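Here's the structure we're looking at; comments come further down.
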Amino acid sequence: MKPEVFIREFAKEDVPEYPCPSCGKSKLSKKAFVSDSNAATKRNDGSEDWEPDWDEYVFSLTLECKECLETVLVSGDGYVDEEIDVDEHENWSRQWVVKYRPKYFFPALRFIEYPQATPREVKQSVDSAAALFYAHPGASCNSLRMAAEEVLTSLGVAEARVGEFVSLASRIKSLPEDSAERNLLDAIRWQGNDGSHSKSIITHADAEDTFNLMNLLIEEVYSDRKRKIQELAKAINEHKGPVRLRGFKD
């Protein structure tokens, strides 16, 4: 995963280089930025009781990929933050800086680079989770829980038949107890369960953790990287040394 996707606030002059969701080969660059005070800030402009850090904003941002020419629209809110600077002479200064928090990207950013064997249903649920991450971290974890259900289906774990209910927990328990997949799926299940409650305590940091769990799960289940490394290790052990000149191909 690219760490830039988890940046949740920025200054107007320092927009993160989010990865392009279409080509995945380039960074998105700022094309246009519009910001305005919200209604409460406008109504109280000039009030003696109003403090600078009470100001709030709404914004829209247009990003563009120079590689594939994709356009990505971003919207969200903003707040004023006090920043303290100390120079080399230990002189203090402070300034008010507007920080912007994205809530929605369209098209949504892609958080995970999928191995070729990843099922379409898994991708759809994970991409839905990415679209929800900035505005609704709890709902994002719930979508990752749905992706976990799809992973189990792809592993051959039976789904509930019509009129029946089979919990995710019981489906996970059908996997070997010491399997890496079971451990990861259980962790995603707990996060998704909390995210589905009206009093969810899921934060953006929790949702980021859940994406990291899902990223590793997808690699464990669908990537052939581990198999290739194991084959390489086996070949080296058999020949007791380098194998490239013996025609080994990964």
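In my numbering, the protein residues as written are 19 to 268.
Note that the Cβ used here is the ideal one computed from N, Cα and C, for glycine as well.
As the structure is a computational prediction, the values presented were derived from the model and not from experiment.
Next on the checklist: Less than 8 Å between the C-beta atoms of K30 and Y152, yes or no?
Outcome noted: Counting from one through the sequence shown, the residue named residue 30 turns up at place 12. Counting from one through the sequence shown, the residue named residue 152 turns up at place 134. Not in contact: K30 and Y152 (Cβ atoms no closer than 8 Å).
Check your understanding: Roughly how many whole angstroms lie between the Cα atoms of W72 and K60?
Key -> The count along the sequence shown starts at 1 and reaches residue 72 at position 54. The count along the sequence shown starts at 1 and reaches residue 60 at position 42. One C-alpha to the other measures close to 11 Å.
Practice item. Sort R245, H257, H154 and G181 by Cα distance to G210 and report the nearest one. Key: Within the sequence shown, residue 210 is the residue found at index 192, counting from 1. Minimum Cα distance to G210 is reached at H154.
- Query: What separation, rounded to the nearest whole angstrom, lies between the Cα atoms of C86 and K20?
  - Reply: Translated into positions along the sequence shown, residue 86 becomes position 68. Translated into positions along the sequence shown, residue 20 becomes position 2. Rounded to the nearest whole angstrom, the CA to CA distance from C86 to K20 is 19 Å.
Selection from L91, S197 and F77 that minimises the alpha carbon distance to C83: By one-based count along the sequence shown, residue 83 stands at place 65. Measuring from the Cα of C83, the nearest candidate turns out to be L91.
Q.
In this structure, how does DSSP classify P37 when only helix, strand and coil are distinguished?
A. Mapped onto the sequence shown, residue 37 falls at position 19. In the structure shown, P37 sits in a strand (DSSP, three-state: E or B).
Inset, instruction - State the Cα-Cα distance for the pair L203 and E168, rounded to the nearest angstrom. - result: Here residue 203 corresponds to residue number 185 of the sequence shown, with the count starting at 1. Here residue 168 corresponds to residue number 150 of the sequence shown, with the count starting at 1. Distance between the alpha carbons of L203 and E168 is about 11 Å.
Of the listed residues L81, I254 and E66, nearest to V52 (C-alpha basis): Translated into the one-based positions of the sequence shown, residue 52 becomes position 34. For V52, the closest of L81, I254 and E66 by C-alpha to C-alpha distance is L81.
Check: What are the complete alpha helix (DSSP H) segments, minimum 4 residues, inside the region 144-177?
Finding: 155-172
Handout entry: Beta-carbon gap between I236 and I130 smaller than 8 Å
Key = On the sequence shown, residue 236 is found 218 positions in, with the first residue counted as 1. On the sequence shown, residue 130 is found 112 positions in, with the first residue counted as 1. It is a contact, given that the beta carbons lie within the stated cut-off.
Boundaries of the beta strand (DSSP E) in which E101 is found, first to last residue
Taking the sequence shown and counting its residues from 1, the one referred to as residue 101 is at position 83. Taken as a continuous stretch (DSSP letters only), the beta strand (DSSP E) holding E101 covers T89 to V104.
- Hey, could you find the ends of the beta strand (DSSP E) E74 is sitting in? Translated into positions along the sequence shown, residue 74 becomes position 56. E74 to C83 is the extent of the beta strand (DSSP E) around E74.
Comparing C-alpha positions only, which one of N56, V116, R189 and L173 sits nearest to E100?
On the sequence shown, position 82 is the one that residue 100 refers to. Here the closest residue by C-alpha is V116.
Check: According to the Cβ coordinates, are Y240 and T171 closer than 8 Å?
Finding: The count along the sequence shown starts at 1 and reaches residue 240 at position 222. The count along the sequence shown starts at 1 and reaches residue 171 at position 153. Going by C-beta atoms, Y240 is not nearer than 8 Å to T171.
Enumerated in chain order, which unbroken segments of the alpha helix (DSSP H) with a length of 4 residues or greater are wholly contained in the region 42-70?
57-61
Q | CA-to-CA distance, G64 to R112, given in whole angstroms | A | Position 94 of the sequence shown, counted from the start, is the residue given in the question as residue 112. Position 46 of the sequence shown, counted from the start, is the residue given in the question as residue 64. The alpha-carbon atoms of R112 and G64 are separated by roughly 21 Å.
Output yes or no for whether 8 Å exceeds the beta carbon distance between L127 and V23. The sequence position of residue 127 within the sequence shown is 109, counting from 1. The sequence position of residue 23 within the sequence shown is 5, counting from 1. Yes, these two residues count as a Cβ contact at 8 Å.
Can you tell me whether DSSP reads G132 as helix, strand or coil? On the sequence shown, position 114 is the one that residue 132 refers to. Residue 132 is actually Tyr in this sequence, not Gly. Three-state DSSP puts Y132 in coil, outside helix and strand.
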